[in-house]
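Protein sequences, first through last, are from chains A and B. According to numbering that gives the first Met the number 0, the first sequence is numbered sequentially starting from 0. According to numbering that gives the first Met the number 0, the second sequence is numbered sequentially starting from 0. To start, the structure itself, in structure tokens.
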Amino acid sequence: MIESIMLVDDEDLFHLVFEDACSLLDITLSLEALNSADEAEKMFKNWFENGPIKERPECVFVDLNIIGSTFDGIELIRRINFQYGDNVVIGIISSSSEVSEQSKAVQAGAQFWIVKSDEIEPRLEEFLKDYDGYKNKTATFKVYK
Amino acid sequence: MTKLKLHKETIKQLLELKKKRRINLEGNILKLIDTTGDVELKKYVDDAINEGKAKQRQRLDITKKIQSQNKELLVSQQENEELMSQLQTALDDAEKAKDAALLDLDFLQKKTQFQLIQTIVRISLTVIIGVGISTTVLYLFALSVDRDTELIGNTWSNMFGILLTNAFSIIGTIMGVKYANKDSK
Numbered sequence: 000m001i002e003s004i005m006l007v008d009d010e011d012l013f014h015l016v017f018e019d020a021c022s023l024l025d026i027t028l029s030l031e032a033l034n035s036a037d038e039a040e041k042m043f044k045n046w047f048e049n050g051p052i053k054e055r056p057e058c059v060f061v062d063l064n065i066i067g068s069t070f071d072g073i074e075l076i077r078r079i080n081f082q083y084g085d086n087v088v089i090g091i092i093s094s095s096s097e098v099s100e101q102s103k104a105v106q107a108g109a110q111f112w113i114v115k116s117d118e119i120e121p122r123l124e125e126f127l128k129d130y131d132g133y134k135n136k137t138a139t140f141k142v143y144k
Numbered sequence: 000m001t002k003l004k005l006h007k008e009t010i011k012q013l014l015e016l017k018k019k020r021r022i023n024l025e026g027n028i029l030k031l032i033d034t035t036g037d038v039e040l041k042k043y044v045d046d047a048i049n050e051g052k053a054k055q056r057q058r059l060d061i062t063k064k065i066q067s068q069n070k071e072l073l074v075s076q077q078e079n080e081e082l083m084s085q086l087q088t089a090l091d092d093a094e095k096a097k098d099a100a101l102l103d104l105d106f107l108q109k110k111t112q113f114q115l116i117q118t119i120v121r122i123s124l125t126v127i128i129g130v131g132i133s134t135t136v137l138y139l140f141a142l143s144v145d146r147d148t149e150l151i152g153n154t155w156s157n158m159f160g161i162l163l164t165n166a167f168s169i170i171g172t173i174m175g176v177k178y179a180n181k182d183s184k
């Protein structure tokens with residue numbers, strides 16, 4: 000089980016789907032869902048500058064296009080990895096599966112890419128099986144579709 | 000993860016609450032309760048978790064359905080916008096076709112007018128040339144038979160002057176009309 004998860008996605012309905020799927024699959028006990036990349040960045044910046052670092056989520060799922068944010072999901076991943084201390088399992092959860100975007104995400108330090116669909120649970124289950132590899136930084140980038 | 004150890008009295012109250020009012024603990028807190036050694040509490044927690052999962056499954060299905068309906072709505076909205084844009088393009092094309100047709104009609108009308116002018120001019124020139132020829136023939140005849148030619152001579156020269164003036168005036172008009180039509184194209 001993952002200690003704590005943060006979801007950054009502008010779609011409120013997906014927050015509910017993700018929350019229920021995580022609970023049904025016993026993925027985590029602590030889930031925080033945010034609507035904006037700016038809000039997530041602010042929190043990571045605060046943890047990085049003021050601490051406590053242990054309050055940071057263990058794993059972050061970021062939507063690719065976050066409507067209402069000043070930058071996209073890939074940029075958020077880049078900032079968390081390169082500006083705010085890294086050390087979290089982080090990746091994209093998006094309905095898009097564009098290869099060009101995936102390579103940009105890899106360059107920004109994304110570890111996984113989950114394609115959103117009506118059947119999200121099997122993908123999350125598969126992700127959970129690989130989770131230790133992501134945590135130890137031994138697993139390579141993988142697309143779940 | 001640290002497990003929560005509940006007091007015996009609390010467990011008793013929880014079990015009674017479930018029995019009397021069918022009220023359970025809900026959510027992830029259940030997964031943190033330590034049930035070791037207490038069969039009754041373990042059953043309570045398992046039942047509550049299963050009940051919660053059933054509710055969550057139901058909610059997840061409904062949420063997914065709403066999400067999929069929202070997506071369909073979004074797609075149909077996009078299709079509508081596309082149709083509206085196609086309609087606007089068709090309307091613009093129709094407007095352009097109408098303008099072209101009006102231009103053609105105008106050209107056709109001008110062409111008809113020009114043909115009418117041509118006919119009038121042709122008839123006028125025929126009449127002028129005919130009158131000129133017939134007067135000249137009459138004058139030549141009068142000269143050849145040695146009759147009094149003073150009256151017919153004056154008449155011929157006056158008529159010829161008038162006919163020539165009119166002929167040039169008509170030719171000038173034709174050239175003017177032709178020039179104007181050329182410009183308007």
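In this text, a Cβ means the ideal position worked out from N, Cα and C, and glycines have one as well.
Counting only beta-carbon separations shorter than 8 Å, does N27/B have a partner in chain A?
yes
So what's L28/A in DSSP terms, helix, strand or just coil?
coil
Unbroken alpha helix (DSSP H) runs of length 4 or more, entirely within the segment 78-123 of chain A: which are they?
Listed in chain order, the complete alpha helix (DSSP H) runs (minimum 4 residues) inside the segment 78-123 of chain A are 98-107.
DSSP three-state call for F60/A: helix, strand or coil?
strand
Using the Cβ count rule (16 or more neighbours within 10 Å means buried), how would you classify Y178/B?
Around the Cβ of Y178/B, a 10 Å sphere holds fewer than 16 other Cβ atoms; the residue is exposed.
Can the beta-carbon of G90/A be found less than 8 Å from the beta-carbon of I113/A?
For G90/A and I113/A, yes; Cβs fall inside 8 Å.
To which residues does DSSP link M5/A through a beta bridge?
Per DSSP, E31/A, V59/A.
Tell me where the alpha helix (DSSP H) around K136/A begins and ends.
First-last for K136/A: undefined, no H or E at that position.
Beta-carbon proximity check, D19/A vs M0/A, cutoff 8 Å
no
Check for me: the alpha helix (DSSP H) holding K63/B runs from which residue to which?
38-143
Is the CB of L23/A under 8 Å away from at least one CB in chain B?
yes
When the Cα atoms are used, what is the spatial distance from F17/A to V7/A?
Taking the straight line from one Cα to the other gives about 11 Å.
Expressed to the nearest angstrom, what Euclidean distance is found between the alpha-carbon atoms of Q114/B and F106/B?
12 Å
Please list, in chain order, the chain B residues whose beta carbon lies closer than 9 Å to that of V16/A.
L59, T62, K63, Q66
Judging by CA-CA distance, which residue of A53/B, Q85/B, K19/B, H6/B is the nearest neighbour of T34/B?
Nearest C-alpha to T34/B: H6/B.
Indicate whether F81/A and A36/A have their beta-carbon atoms separated by less than 8 Å.
no
Which of the residues in the segment 104-135 of chain A, read from start to end, lie with their CB under 7 Å from any CB of chain B?
Listed in sequence order: D117.
Short of 6 Å in beta carbon distance, which residues of its chain neighbour S145/A, apart from the five on each side in sequence? Order them along the chain.
This structure cannot settle anything about residue 145/A, because the visible part of chain A is limited to 0 through 144.
Across the segment 72-85 of chain B and the segment 126-142 of chain A, are there enough close Cβ pairs to call them in contact, namely three or more that are closer than 8 Å?
no
Short of 7 Å in beta carbon distance, which residues of its chain neighbour I169/B, apart from the five on each side in sequence? Order them along the chain.
Non-local beta-carbon contacts of I169/B in its own chain, meaning distances under 7 Å to residues more than five positions away in sequence, involve V120, S123, L124 in chain order.
Rounded to whole angstroms, what is the Cα-Cα separation between P121/A and K103/A?
Approximately 25 Å, taken between the alpha carbons.
Shortest alpha-carbon distance to M42/A belongs to which of G84/A, A109/A, Q101/A, G108/A?
With distances taken between Cα atoms, M42/A lies closest to G84/A.
What does DSSP give as the partner residues of K18/B in its beta bridges?
DSSP lists no partner for K18/B.
CB of S23/A within 8 Å of CB of K52/B, strictly
Note that residue 23/A is Leu in the sequence shown, not Ser. Yes, they are a contact pair.
T172/B versus T154/B - alpha carbon distance:
27 Å
With DSSP collapsed to three states, give me the class of I173/B.
helix
Terminal residues of the continuous beta strand (DSSP E) containing K53/A?
It is not in any beta strand (DSSP E) - K53/A carries neither H nor E in the DSSP assignment.
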